[in-house]
Every structure is written in structure tokens, then in C-alpha cells.
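Below you'll find the structure, written out as C-alpha cells, and then a few comments.
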Amino acid sequence: PLECIKYDLPFLVEPKSYPIGDEINNPQEFAALKEQLVIKTARDITTLPIDVLKAEFPADLRYKKDKPELIDLCHQLDMSSQVPWVILSGGVDFELFCQQVEIACQAGASGFLGGRAIWQEAMYIDDTRERVHYLSTVGADRLKRLTEIASKYAVPWYKKLGISAHELAQTSERWYKEY
Numbered sequence: 004p005l006e007c008i009k010y011d012l013p014f015l016v017e018p019k020s021y022p023i024g025d026e027i028n029n030p031q032e033f034a035a036l037k038e039q040l041v042i043k044t045a046r047d048i049t050t051l052p053i054d055v056l057k058a059e060f061p062a063d064l065r066y067k068k069d070k071p072e073l074i075d076l077c078h079q080l081d082m083s084s085q086v087p088w089v090i091l092s093g094g095v096d097f098e099l100f101c102q103q104v105e106i107a108c109q110a111g112a113s114g115f116l117g118g119r120a121i122w123q124e125a126m127y128i129d130d131t132r133e134r135v136h137y138l139s140t141v142g143a144d145r146l147k148r149l150t151e152i153a154s155k156y157a158v159p160w161y162k163k164l165g166i167s168a169h170e171l172a173q174t175s176e177r178w179y180k181e182y
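Printed below as a string of C-alpha cells:
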């Protein structure tokens, strides 16, 4: 964080939880623990000088499907984070990631940072031309769909910091020269 502070660069942190011990062989048990683990991690880590939290979805949709309950968990995550947060994909299936992004954004997330959920199938395409075609069609369409979801539901990052759109609009067009 010191280098980011020194050069005024945003510091994005991505804490990840992993099963240990008996949890490795019992994914349902780990899923139950993960809910509060993700929320507590957000509470603890955002007291540090970070700018954006890249958070795991706090529930495993294989075991928990009740949308109001999922929104509540994401709302708890939002209330625990002192900084704007986005949801990470963690390599889940694309359709599942779309659900996670919608729920997280409805509960306070400022968007998503997705990787594998968008492009993971491309890794199994051996032909370079076919892989590029896949990424420029399916991958691009997936990114567009996620962007539409975030545009509809996400909370602007500046609201989490108590800044209004009006205050941001008052920034000079020459801000980069005056900075």
C-alpha cells in the first residue's frame, strides 16, 4: 500500500478464502463458514489503507438459493466494507456469475471484476484463430451482458465514500494538469 499511497494509485485488494482440514472434503460445511468469513474479512481488511475491495460472493449458490437471503448476505458485506467493493468471479460458471453480479450490485457492490467466468472455455480451444473468434464473440457478449447488469444495479463507487455526483462534476476539465 505504501507505493500506491506514494504514487497516488488505487490499491485493490482481493482476499480469498480456502477450505482447510475437514472442510476440504466437505464443501457444504465450508460454504456455511464462508458466508461470515467473507463478511468478517471485509470488515477487517477495509480498515487498512485500500481503495477497492475485490470480494468473493459470500454464499455458495449450490447450497443457498433464496434470493432475499443472498441479498441480505451481500448487504452485510456492503455494510462491513469501508471502501467501494466489486464482486470477483472465482471461475464460476458464467450464468452463475451473472446471478452473483446482479445480487451483489443490488446490495451495494460497485460492479465486478471477472476473468475466468468470462473466458475460461477459451482455454480448451487449441486453434488460435478459433480461440480469438470465441473471445471476440462469446467473450465480448458476456462482458457486455455483465456490464448491462452492473449498469442497471451497481452502486457508484463514490457514493460509498460519501461523495455526490455533483461534487465529481465540479472537477476541472484540466484536473490532470492541476493535480
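Under the numbering used here, the first residue of the sequence shown is numbered 4, with each subsequent residue one higher. We put the beta carbon where it would ideally sit given N, CA and C, even for glycine.
Separation of the CB atoms of F97 and A112 is rounded to 18 angstroms, and the pair is thereby denied contact status at 8 angstroms. Counting along the chain, A58 sits inside no alpha helix (DSSP H); it lies in the beta strand (DSSP E) bounded by residues 55-58. Of all alpha-carbon atoms in R65, I106, P71, Q109, the one lying nearest the alpha-carbon of V95 is that of R65. In this structure, A157 places its C-beta atom within 8 angstroms of the C-beta atom of C108. Listed as beta-bridge partners of L116 by DSSP are L91.
DSSP assignment within the region 41-86 yields the following whole beta strand (DSSP E) runs of 3 residues or more, N-terminal first: 55-58. Of the residues M126, L51, G118, the one whose Cα lies closest to the Cα of V86 is L51. DSSP, reduced to helix, strand and coil, places V16 within a strand of the structure shown. With respect to the C-alpha of L80, the residue from T150, R132, I48, G93 having the closest C-alpha is I48. Taking each of E26, K19, I27, G24 in turn and checking the Cα distance to V41, the smallest one comes out for K19. The residue from D130, L56, A58, E105 with its alpha-carbon nearest to that of E151 is E105.
DSSP places A172 in the uninterrupted alpha helix (DSSP H) bounded by 168-172.
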